[in-house]
Amino acid sequence: MSALFTPTPRTCDTAPAHPAPALDLRAMVGAAAWARLPAAVQRRFGTAHADVAYEGQMDLRCSLVGHVYAALTRVWGGPLTHINTTALPATVRVSDNGRGGVVWERCFHTGTDSGADRTVRSTKELGPDGRLLERTDGGLAMSLDVLEEDGALVFRSRRFWWVRGNLRIPVPALLTPGTCRVAHTDLGGGKFRFTLSMVHPWWGETFHQSGVFTDPCTEDASPDYSLNAL
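Number 111 in our numbering belongs to position 109 of the sequence shown; there are no gaps in the numbering.
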């Protein structure tokens with residue numbers, strides 16, 4: 003049973019004597035690989051930077067099988083979107099959750115008659131094993147490897163989980179929408195490309211998202227955006 007149900011560390015009601023450590027992607031990537039990343043990428047993913055919002059446009063593609071996964075995950079807050087479109091205005095907001103994690107909120111401005119935007123929200127944090135975990139508000143989560151590839155910062159899923167209370171229940175790979183790969187590629191001039199793909203071993207690519215965003219912070223901006231750890 004221990005292989006199926008992994009308890010998360012028990013917490014107490016009193017405030018901890020020491021705050022949770024900040025998420026340190028530099029340590030996870032490794033010093034040599036981190037040094038190969040552009041300075042702008044290091045700043046965006048380093049520790050102790052200010053909250054920020056990026057504006058851009060996204061191209062979204064979802065397969066027929068992806069539509070099924072998107073519908074099924076609505077029970078857990080709908081972390082997947084079934085939208086198929088191009089040049090969709092989008093906003094990405096990044097903030098500290100006050101517990102060592104970083105919240106990523108992606109808002110797709112659909113322009114529907116109801117005026118309701120489509121928002122996907124997740125938190126990158128340290129998992130119980132000390133490695134990177136990305137968790138949605140609804141409880142779906144994935145363990146991630148983080149690495150540098152050709153100057154881009156890449157996140158690649160290792161395993162999916164359903165997190166509820168003190169339990170982490172593994173989701174079999176064939177029941178997931180596939181291996182998730184997210185790449186952050188700096189384009190220079192204060193712009194970067196975000197690319198997400200999910201590829202299932204049977205169904206092929208179920209989701210693909212790509213977009214270019216503008217960084218409101220330039221390299222000579224206020225030190226509030228600079229890293230404390232570099």
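Cβ atoms here follow ideal geometry from the backbone N, Cα and C, with glycine treated the same way.
When only Cα atoms are considered, R38 and G153 end up about 6 Å apart. Proximity to E57 across P91, A33, C64 peaks at P91, based on C-alpha coordinates. For L169, the enclosing beta strand (DSSP E) begins and ends at 169 to 173. Distance from the Cα of N86 is smallest, within the candidate group E107, L177, L74, T112, for T112. Excluding residues up to 5 positions away in sequence, V67 lie with their Cβ nearer than 6 Å to the Cβ of W205 in the same chain. Looking at the DSSP output, C109 bridges to T93, T121.
At the C-beta level, T93 and L142 stay beyond 8 Å of one another. Only residues of its own chain outside the window of five on either side were considered, and among them D53, V105 have a CB closer than 7 Å to the CB of S97, listed in chain order.
DSSP assignment within the region 31 to 56 yields no whole beta strand (DSSP E) run of 3 residues or more.
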